[in-house]
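Plus 7 on top of the position in the sequence shown (first one is 1) and you've got the numbering used here.
Glycine included, every Cβ here is placed at the ideal spot set by N, Cα and C.
Heads up, the thing below is written out as structure tokens.
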Amino acid sequence: MELLMQPEFWSALLAIIVIDLVLAGDNAIVIGMAARNLPAEQQKKAIVWGTVGAIIIRALATLAVVWLLKIPGLLLVGGLILMWIALKLLVSDDGHENMKASGSLGAAIWTIIVADTVMGLDNVIAVAGAAHGDFLLVIIGLVISVPIMVWGSTLILKVMERFPIVIYIGAGVLAYTAASMVTTEKFLVPFFTAYPWVKWVFIVAVVVGVLLIGRMKSQQQKRLAEQN
Numbered sequence: 008m009e010l011l012m013q014p015e016f017w018s019a020l021l022a023i024i025v026i027d028l029v030l031a032g033d034n035a036i037v038i039g040m041a042a043r044n045l046p047a048e049q050q051k052k053a054i055v056w057g058t059v060g061a062i063i064i065r066a067l068a069t070l071a072v073v074w075l076l077k078i079p080g081l082l083l084v085g086g087l088i089l090m091w092i093a094l095k096l097l098v099s100d101d102g103h104e105n106m107k108a109s110g111s112l113g114a115a116i117w118t119i120i121v122a123d124t125v126m127g128l129d130n131v132i133a134v135a136g137a138a139h140g141d142f143l144l145v146i147i148g149l150v151i152s153v154p155i156m157v158w159g160s161t162l163i164l165k166v167m168e169r170f171p172i173v174i175y176i177g178a179g180v181l182a183y184t185a186a187s188m189v190t191t192e193k194f195l196v197p198f199f200t201a202y203p204w205v206k207w208v209f210i211v212a213v214v215v216g217v218l219l220i221g222r223m224k225s226q227q228q229k230r231l232a233e234q235n
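Dropping the structure here:
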């Protein structure tokens with residue numbers, strides 16, 4: 008109960024839920040494309056069982072990454088990877104055209120599990136970083152966000168298309184998590200403890216930098232698409 012009274016617990020949990028929801032876009036595309044050729048009565052089964060399998064694997068992978076991030080140096084590496092993921096979120100990517108629809112229920116479930124596991128690396132790293140080594144946070148975050156991802160993934164996509172600011176909020180949370188991972192790396196902690204103002208300047212610089220660069224790259228990509 009004492010843990011539930013700490014503001015850090017709730018802020019980390021909120022970050023995990025936001026990360027799960029913002030990164031649910033790929034999840035929705037995978038589910039839709041894998042199940043679209045199935046009969047209507049089988050589509051729901053494919054979505055539910057495929058997502059359950061994918062979430063179990065993702066949960067285990069996240070717990071493994073939480074443990075791995077305790078190894079010296081990996082928080083720094085994870086933070087840098089997460090910065091790239093935050094940038095990627097802001098740049099439109101239509102890399103799903105090769106996703107094949109499956110004709111059988113078993114094949115559709117397997118496609119959803121495999122594709123979501125491969126594409127879920129960004130989610131795994133982000134959630135593990137936001138959890139700061141707390142396994143309970145990972146589990147609670149999944150319990151809250153998974154039902155929303157399964158039954159609301161299409162709605163999430165529509166909301167992000169209609170209100171692009173949601174994507175920027177998510178990217179900002181990812182960038183903040185990435186910067187926090189770097190500042191909590193063991194061999195960097197003494198420096199940031201001695202100069203706390205540098206820590207916050209670094210975090211703000213990462214968040215603002217990711218959002219600005221992401222927006223510039225996104226606009227550049229749109230201009231190139233219009234020219235073609």
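Could you compute how far the alpha carbon of residue 86 sits from the alpha carbon of residue 111? 40 Å
Could you compute how far the alpha carbon of residue 139 sits from the alpha carbon of residue 188? 8 Å
The segment 43-53 contacting the segment 197-209, beta-carbon criterion three pairs below 8 Å: no
Have a look at residue 147 and residue 230 and give me their C-alpha separation to the nearest angstrom. 42 Å
State the DSSP-derived secondary structure class of residue 199, mapped to helix, strand or coil. helix
Kindly list the residues whose CB is nearer than 6 Å to the CB of residue 1, restricted to its own chain and excluding five residues on each side of it in sequence; keep chain order. Examination of residue 1 is not possible in this model, given that the chain is present from 8 through 235 alone.
Is any beta-carbon of chain C found at less than 8 Å from that of residue 188? In the structure shown, chain C cannot be found, because there is only a single protein chain.
Below 8 Å on the Cβ atoms is my contact criterion, and I expect residue 22 with residue 89 to pass it. Report the Cβ-Cβ distance as a whole number of Å. So it is not a contact: roughly 12 Å between Cβ atoms.
Is it true that the CB of residue 73 sits closer than 8 Å to the CB of residue 142? yes
Using only CA atoms, which one of 193, 79 and 24 lies nearest to residue 151? 24
Starting from the Cα of residue 66, find the closest Cα among 233, 133 and 79 and give me that residue. 133
Neighbourhood of residue 198 by C-beta distance below 7 Å, restricted to the same chain and skipping five residues each side: none
Secondary structure of residue 141, DSSP reduced to three states: coil
Can the beta-carbon of residue 177 be found less than 8 Å from the beta-carbon of residue 218? no
Cβ neighbours of residue 232 in the same chain (closer than 7 Å, five flanking residues each side left out): none
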